[in-house]
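So the structure is just underneath, and the comments pick up after that.
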């Protein structure tokens, strides 16, 4: 596993296409790899944003998951919420891998900042 | 990390070079339930070489675990990584060598059905037989099955040999126990509270598919893992949820032993620690005559002793290996080289060596006889021997003497003793050989500061390089103010500059001090204590008693000019239970011509000595 860590950021960016539509207040993620089974459950999206993205609040959003198209769309009610998540999404993969590397190396300080997740 | 330049006698080299891969396109992953004799469904994940033709027949490596045979990863990692990415043995390496690889959740764990009262129960062991029947009935199976694993999976691998199934051709138990009472749960009769509690806690949460607990104890796993992987066809998770319901009646070692003290205390199902040991199954394992490759580290819990006891007691064709890494060999652990960062051999090199062993056992004459390979710390060399102890082994006494010294001469004074108020704050920390069972690094740092809390005896500088290989024996003549207590003793190297390096240790609860003259249940090289209730006795406060026990085995070179040191404590607060539960004992250790406390050190004499 450790040997994969350095390349994970690139793999994530290559495998997942993120598009933000400011007019529709929507962000979509499309997984290009073939997935066996469901792409994700809606609560997994929230956990991902909180665990790796630093989201600390409950933001109202509609989560549409198309398992056939391997596409997830997040729709927001306000521009402010949209921009918050858009900003998180810009660095989500980098942050996720950095956190994993940091913790693997024994530094768990950022783990303490993650809120309780009902997973 | 063993010195990569240590080529001579290196077992990983002697097991052969890495051949060309038979399959290079990766592997397929599938999963299913295997129904065993009593109807319990065992979850299995099957990896096959990609490109295996329909008429091909290949052997199988099986690993039975209680730590989830496969994990459901969190997103986004689930989207990009194979779910087997963290599995051991590495499926890419194993399948590329032309083997099927099967991981199962043992009954009562993971996605398997059933429940469990003890680990390694007879039912769990018998499941192995039924699973092998299933394997050899598969169209891709050539009828040969081998097993390997580390720690829990190492023991399940070894217990395949007890099943005596004709398809099983070889087993590789890595870092597994021989005697769970002394090797892990009660070393020297002292309860390993920290590990047993944490291990049981983790096990319970794994069995209930509750990864939240990882946040505290294994945060990297918490970031990465959503839970146990259901079998492929269980899309709506109905089967998994039913299995988890059955796990709710599982019982755990900590709950069943925290109030116990003795080897013969009964567990809820009427069994005892001995019943799930390897030594109790010796006859069946020997009957199988299955070749065994067992490996471990000098610094891993009491499992180093397990390697030696297995080697001495089992007649099966056998290779035994003792190195200097942590539990599972993910990290270096040689205390003399704290700056080493990686392990030699690498995990992939090890798996390839293990498969070379399997190939010998499946396709040629297997291995003949027995050979133990051991790594001598400081000398940084591999050695091998057909016997244990090795040729040249003899004991050398060092007596506790005045001014906290160790001397070769027996004291001649009529009186002489040292008093020590037990310091219950003494600790080896949480990176010691016992916490290592959770996969943590092993570091015994700051021994100078730690030893300030202990009663210590140090020798004069050695006049020549001296190899110590085997189990040190400590003999104390002591009195105590209390009826119960324990000794935790550390054997250390002191260099010319006063730097102190931990080598090994021993611990012993004083109520077990009776040395029995009858034969122990298996051959040992140290004083025999039964740890049974009938042989225990409280100390009589103020009365001198002999306490004699063995340390965990080691192999080290004490260099010319270095000293040896024994540091004695009465507690190791972050690991073991406190003995006695209350009170502050004062012990007095005699060092006079009548009661001469000493350590007996296993020296390897060179041929010209």
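Chains as they are written, first to last, in our numbering: chain A, 615 to 733; chain B, 626 to 1234.
The beta carbon of each residue, even a glycine, is placed where N, CA and C say it ideally should be.
Linking residue 799 of chain B to residue 1205 of chain B through their CA atoms gives a straight-line distance of about 35 Å. Taking C-beta atoms as the reference points, residue 735 of chain B and residue 668 of chain B count as a pair closer than 8 Å. For residue 849 of chain B, the chain A residues whose C-beta falls within less than 7 Å of its own C-beta are 714, listed in chain order. For the pair residue 785 of chain B and residue 753 of chain B, the CB atoms are nearer than the 8 Å cut-off. For the pair residue 1180 of chain B and residue 1013 of chain B, the CB atoms are not nearer than the 8 Å cut-off. Between the region 960-967 of chain B and the region 705-715 of chain B there are fewer than three inter-stretch CB-CB distances shorter than 8 Å, so the stretches are not counted as touching. At a Cβ-Cβ threshold of 8 Å, residue 1191 of chain B and residue 1116 of chain B count as neighbours. Per DSSP, reduced to three states, the secondary structure at residue 653 of chain B is strand. In the DSSP assignment, residue 766 of chain B falls within the beta strand (DSSP E) that extends over 766-775. For residue 1142 of chain B, there is no enclosing alpha helix (DSSP H), as DSSP gives it neither H nor E.
Chain order gives no chain A residues near residue 643 of chain B, where near means a beta carbon separation below 8 Å; the closest approach is about 17 Å. Around the CB of residue 989 of chain B, fewer than 16 other CB atoms lie within 10 Å, so the residue is classed as exposed. For residue 1176 of chain B, the secondary structure class from DSSP, reduced to helix, strand or coil, is coil. Under the three-state reduction of DSSP output, residue 1116 of chain B falls in the strand class.
Around the beta-carbon of residue 783 of chain B, 16 or more other beta-carbon atoms lie within 10 Å, marking it buried.
By the neighbour-count definition (other C-beta atoms within 10 Å, threshold 16), residue 854 of chain B is a buried residue. Taken through DSSP and simplified to helix, strand or coil, residue 842 of chain B comes out as helix. The shortest C-alpha to C-alpha distance from residue 1058 of chain B to any of B:905, B:975, B:950, B:838 is the one to B:950.
The beta carbons of residue 956 of chain B and residue 932 of chain B sit no closer together than 8 Å.
Judged by beta-carbon spacing, residue 724 of chain B lies within the 8 Å limit of residue 684 of chain B, meaning their Cβ atoms are closer than that value. Setting aside the 5 residues that flank it on each side, residue 659 of chain B is surrounded in the same chain by 667, 669, 756, 759, each with a C-beta closer than 6 Å to its C-beta; the list follows chain order. In the DSSP assignment, residue 943 of chain B is bridged to B:917, B:995.
Not a single CB atom of chain B sits nearer than 8 Å to the CB of residue 668 of chain A.
Rounded to whole angstroms, the gap between the alpha carbons of residue 795 of chain B and residue 676 of chain A is 55 Å.
Residue 1063 of chain B places its beta carbon 8 Å or farther from that of residue 850 of chain B. Under the criterion of beta carbons closer than 8 Å, residue 1019 of chain B and residue 1189 of chain B do not qualify as touching, at roughly 16 Å. Apart from the 5 residues on each side of it in sequence, residue 636 of chain A has no Cβ closer than 6 Å to any other Cβ in its chain.
In the DSSP assignment, residue 713 of chain A falls within the alpha helix (DSSP H) that extends over 706-718. Neighbourhood of residue 912 of chain B in chain A, by CB distance below 9 Å: empty, with the nearest CB roughly 40 Å away.
Counting every other CB atom within 10 Å of its CB across the protein chains shown gives residue 702 of chain A a total of 16 or more, marking it as buried. DSSP places residue 703 of chain B outside any beta strand (DSSP E); the residue lies instead in the alpha helix (DSSP H), whose first and last residues are 702-705. Of all residues in the region 841-865 of chain B, only 844, 845, 847, 848, 849, 851, 857, 860 place a beta-carbon less than 8 Å from a beta-carbon of chain A.
At a Cβ-Cβ threshold of 8 Å, residue 1153 of chain B and residue 1136 of chain B do not count as neighbours.
Annotation for residue 1187 of chain B: 1086, 1087, 1118, 1119, 1120, 1121 place their beta carbon closer than 8 Å to its own, counting only its chain and skipping 5 residues before and after. If you ignore the 5 residues before and after residue 700 of chain A, its C-beta comes within less than 7 Å of the C-beta of 634, 641, all in its own chain and listed in chain order. No Cβ-Cβ contact shorter than 8 Å links residue 996 of chain B with residue 985 of chain B.
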